[in-house]
Amino acid sequence: MKAKELDKKFDEGKSIIEHLDLSKARRPNQELKRVNVDFPLWMIQSLDKEAKRLGVPRQTIIKIWLAERLNKSATV
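Here this note's numbering is used: the first residue of the sequence shown is 0, the next is one more, and so on.
Here is the structure:
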């Protein structure tokens, strides 16, 4: 299928999913990079308490809270 035909189909609101190779699809800026951060013990304990309350891993709490803070800073 030519790009012009694909664009037309998309613009008409028709599904183009069968024409895409999703095995190679990537979301920009979503690649993971491991970092090491040292926290004081009291922070670890507080993070673990909140993680247990929500039933999620500690890492999830850290990611969510950092994302919320960064989003808030970006809108100011």
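We put the beta carbon where it would ideally sit given N, CA and C, even for glycine.
Because the structure is a prediction, the values reported are computed rather than measured.
How long is the line joining the alpha carbons of residue i and residue j, rounded to whole angstroms?
i          : j          : result
residue 36 : residue 18 : 43 Å
residue 71 : residue 30 : 22 Å
residue 3  : residue 21 : 20 Å
residue 24 : residue 58 : 26 Å
residue 6  : residue 49 : 47 Å
Do residue i and residue j have their CB atoms nearer than 8 Å?
i          : j          : result
residue 61 : residue 40 : no
residue 15 : residue 9  : yes
Using three-state DSSP, classify residue i as helix, strand or coil.
i          : result
residue 70 : helix
residue 42 : helix
residue 2  : helix
residue 58 : helix
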